[in-house]
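So the sequence lines, in the order shown, correspond to chains A and B. At the far end of the first sequence sits residue 276, using the working numbering, and the numbering has no gaps. At the far end of the second sequence sits residue 276, using the working numbering, and the numbering has no gaps. Note that the Cβ used here is the ideal one computed from N, Cα and C, for glycine as well. So the structure is just underneath, and the comments pick up after that.
Number of protein chains: 2
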Amino acid sequence: MKIFYLCSQKLNALMEGEHNLARLIREGNLRYLPHLSLDCVIFGFHEGQLKVLLLKMKHKSDWSLPGGFVAHTETLEQAADRVLNERTGLSGIFLKQFHVFSDLSRSDIPQTLSELRRDGIEAKVGDWLAQRYISVGFYALVSFSKVVPRADMLSDACEWRDLSDVGKLILDHNQILGKALETMRLQLNYQPIGYNLLPPSFTMPELQRLYEAILGKKLDRRNFQRRMLGFGILRRLPERKAGGAHKAPYLYEFDHEAYKRALLEGLHGGW
Amino acid sequence: MKIFYLCSQKLNALMEGEHNLARLIREGNLRYLPHLSLDCVIFGFHEGQLKVLLLKMKHKSDWSLPGGFVAHTETLEQAADRVLNERTGLSGIFLKQFHVFSDLSRSDIPQTLSELRRDGIEAKVGDWLAQRYISVGFYALVSFSKVVPRADMLSDACEWRDLSDVGKLILDHNQILGKALETMRLQLNYQPIGYNLLPPSFTMPELQRLYEAILGKKLDRRNFQRRMLGFGILRRLPERKAGGAHKAPYLYEFDHEAYKRALLEGLHGGW
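Structure, rendered in structure tokens:
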């Protein structure tokens, strides 16, 4: 039932209230560019866990990334904003292109046709959904607590899932998720992270847990602290974490100027 | 004459010897995905200069990046390899996706139609070339001396041009070139560069000139040397640069293991 996932997942904007696959097949090309889709990998950080936003379609067992099509009148970035908003209720997320997925095997047209037929819909090769799709991957890392995802009419659920509990996703969505994670992990080697994900002041262990969640591994406490302080993007606050005991951990905040510079030039400075 | 640039630039594979715009408009969709193109930014390094590979189309004054379309049976990467080979004679280049360009203003369809008509070709909105194109940018940095670009039948010239002497390119190709350069400069902050661009052994000033060429600015000699040696990717050779005078500069080679690790984990090591 791969095609029904695909349809359900991307039907919303077109159908405006109608669950009508046949109409998508007939009229998809009027509104959207053919052969082109996008998928959004939205990571969230909460209580030491890295999560990813997934949709669970009605009557289906596999989950999917929120995705959709690109209207004739939209840039890719506008389409990604719209799709994410329509499917999950999120808005104002800074989405970043990270890779275009164009393997021929990601669109199995004969299977698509047979699945459409099983749902009672006649379609032929080249019809809207019975075509090859090249998908542009976008990703973002957001503060879990600031967003309340909502399911849309085609989904049973739109939920944050622990990265360790993602399971099998539809199509090549596991691969898309993996590439987004790889991109974000590489970025940790040269760009700062954490602003907007942590409270305005935070302890070193809290910052370390963010890194550990993204990297999926434990880090040495002393090395982490030494390295982070070496980047010059943190300011230690005069007060310690509430409680006031002598051993209470220091509180830090980001030095926003240094943080912005490190985003542009890398954590180790530019040439 | 924007359209004729576009056509000439991308006509080759389809036409197989025919300079026939009308046929491209009629049959382009049989072979290629609609709305999707790609453009290649090939940087070369030679004698302290950064160059970029450009095509000059017959009877035209503006130059362009080598670009083309994506066949129904190709991945983006396969299409980029083929296009680059067809247009310039280069093969085996490691091309890297860096950005997808989807601004609505990059395809001016009314102007395209009027330019086609001026060339005596009837076309309407939605015909092969009279449509919106979203272009995937690829880039590579190659050793200038190892490649001999050749013009194809549609070009007067296929040449390395100094980056400082690029001038106005067709369409949004200056913007695509700019974004590729920006991407490569950011990479210099966290990834090693130089392998395959420099001879097997090289002096520190030679390595510095490569960085200066990419960055487009002079670097301080002492800081450069200190920083480069700090990355731990260079091995100093026992012999000095030929000539043998006491002041002759040291020769270095890349430590290939350390270099590869730095490509994966960044110049400052992973977490």
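Which residue wins for smallest C-alpha separation from residue i, given the options the options?
| i | options | result |
| --- | --- | --- |
| Q102 of chain B | B:D113, B:I114, B:A145, B:A128 | B:A145 |
| S150 of chain A | A:L43, A:A27, A:F50 | A:F50 |
| V105 of chain B | B:H40, B:P210, B:A135 | B:H40 |
| Q192 of chain B | B:L174, B:L168, B:H273, B:G94 | B:H273 |
| I126 of chain B | B:R31, B:N228, B:L212 | B:R31 |
| P154 of chain A | A:P71, A:S206, A:G183, A:E211 | A:P71 |
| V171 of chain B | B:F48, B:D260, B:L35, B:Y138 | B:F48 |
| Q230 of chain A | A:E52, A:A162, A:R214 | A:R214 |
| L4 of chain B | B:F259, B:V147, B:W68 | A question about residue 4 of chain B goes unanswered here, because the residues of chain B that appear run from 6 up to 276. |
| S132 of chain A | A:L168, A:A185, A:A27 | According to the sequence shown, residue 132 of chain A is Asp rather than Ser. The shortest Cα separation from D132 of chain A among A:L168, A:A185, A:A27 belongs to A:A27. |
| G142 of chain A | A:N90, A:E211, A:L100 | A:L100 |
| G183 of chain B | B:V46, B:Q54, B:N34 | B:V46 |
| T188 of chain B | B:L220, B:I114, B:K173, B:D157 | B:L220 |
| E289 of chain A | A:Q54, A:A185, A:D113, A:R36 | Any question about residue 289 of chain A goes unanswered here, given that chain A covers just 6 to 276. |
| V147 of chain B | B:L109, B:S169, B:D161, B:L202 | B:L202 |
| V88 of chain A | A:A156, A:D225, A:P204 | A:A156 |
| D161 of chain B | B:D167, B:R190, B:S66, B:S169 | B:S66 |
| P204 of chain A | A:L35, A:R266, A:E52 | A:E52 |
| F259 of chain B | B:L234, B:K252, B:W165 | B:L234 |
Does residue i pass the burial test, meaning 16 or more other C-beta atoms within 10 Å, or should it be called exposed?
| i | result |
| --- | --- |
| K56 of chain A | buried |
| N194 of chain A | buried |
| A218 of chain A | buried |
| L38 of chain B | buried |
| L11 of chain A | The predicted model places L11 of chain A with a pLDDT of 42, which falls under 50 and marks its position as unreliable; any figure quoted below should be read in that light. By the neighbour-count rule (16 or more Cβ atoms within 10 Å), L11 of chain A is buried. |
| K15 of chain B | Model confidence at K15 of chain B stands at a pLDDT of 47, short of 50, so the residue's coordinates are unreliable; what they give is reported in the following sentence. That one is buried. |
| D86 of chain B | buried |
| A185 of chain B | buried |
| T93 of chain B | buried |
| E23 of chain A | Low local confidence applies: a pLDDT of 38 at E23 of chain A is under 50, so the model's placement there is unreliable, and no value is given. |
| G137 of chain B | It is Arg, not Gly, that sits at residue 137 of chain B in the sequence shown. By the 10 Å Cβ count, R137 of chain B comes out buried. |
| L81 of chain A | buried |
| G33 of chain B | buried |
| L174 of chain B | buried |
| S112 of chain B | buried |
| L109 of chain B | exposed |
| L29 of chain B | buried |
| E262 of chain A | exposed |
In the DSSP assignment, the beta strand (DSSP E) including residue i goes from what residue to what residue?
| i | result |
| --- | --- |
| V75 of chain A | 72-76 |
| E79 of chain B | It is not in any beta strand (DSSP E) - E79 of chain B carries neither H nor E in the DSSP assignment. |
| L40 of chain A | According to the sequence as given, residue 40 of chain A is His; it is not Leu. Where H40 of chain A is concerned, the enclosing beta strand (DSSP E) stretches over 37-51. |
| I139 of chain B | 139-148 |
| P243 of chain B | 239-245 |
| S160 of chain B | 160-167 |
| F229 of chain A | From DSSP, F229 of chain A is part of no beta strand (DSSP E) but of the alpha helix (DSSP H) over 226-235. |
Starting from residue i, follow the alpha helix (DSSP H) in both directions and report where the run begins and ends.
| i | result |
| --- | --- |
| K101 of chain B | It is not in any alpha helix (DSSP H) - K101 of chain B instead sits in the beta strand (DSSP E) that spans 101-106. |
| P210 of chain A | 209-220 |
| H178 of chain A | 178-193 |
| L118 of chain B | 114-123 |
| Y264 of chain B | 261-270 |
Excluding sequence positions up to five away, which residues of its chain have a Cβ less than 8 Å from the Cβ of residue i?
| i | result |
| --- | --- |
| Y264 of chain A | P197, Y200, I238 |
| Y255 of chain A | T208, M209, R241, L242, R245, K246 |
| A337 of chain A | Outside the shown range of chain A, which is 6 to 276, sits residue 337 of chain A, and nothing can be said about it. |
| K129 of chain B | L118, A135 |
| K223 of chain B | E217 |
| E270 of chain A | none |
| E79 of chain B | R87 |
| Y257 of chain A | S206, F207, T208, M209, L212, L239, R240, R241, L242 |
Using C-beta distances below 6 Å, list every residue in its chain close to residue i, excluding the 5 sequence neighbours before and after it, in chain order.
| i | result |
| --- | --- |
| F236 of chain A | L272 |
| S280 of chain A | Nothing in the structure corresponds to residue 280 of chain A, since chain A is present only between 6 and 276. |
| S107 of chain B | I139 |
| V152 of chain B | L95 |
Taking 7 Å as the limit between beta carbons, can you name the residues of its chain near residue i, skipping five residues before and five after?
| i | result |
| --- | --- |
| I8 of chain A | Unreliable positioning characterises I8 of chain A in this predicted model, as indicated by a pLDDT of 39, which lies under 50. The coordinate reading is nonetheless provided below. The answer, listed in chain order, is T117, E120, L121, L134. |
| L268 of chain B | Q196, P197 |
| W276 of chain B | none |
| L168 of chain A | L55, K56, V57 |
| R190 of chain A | I219, L220 |
Can we count residue i as close to the ligand FMN, meaning its CB is less than 8 Å from some heavy atom?
| i | result |
| --- | --- |
| L174 of chain B | The ligand FMN is absent from the structure shown, which contains no ligand whatsoever. |
_Meets three-Cβ-pair contact criterion under 8 Å: the segment 116-125 of chain A and the segment 177-192 of chain A_ = no
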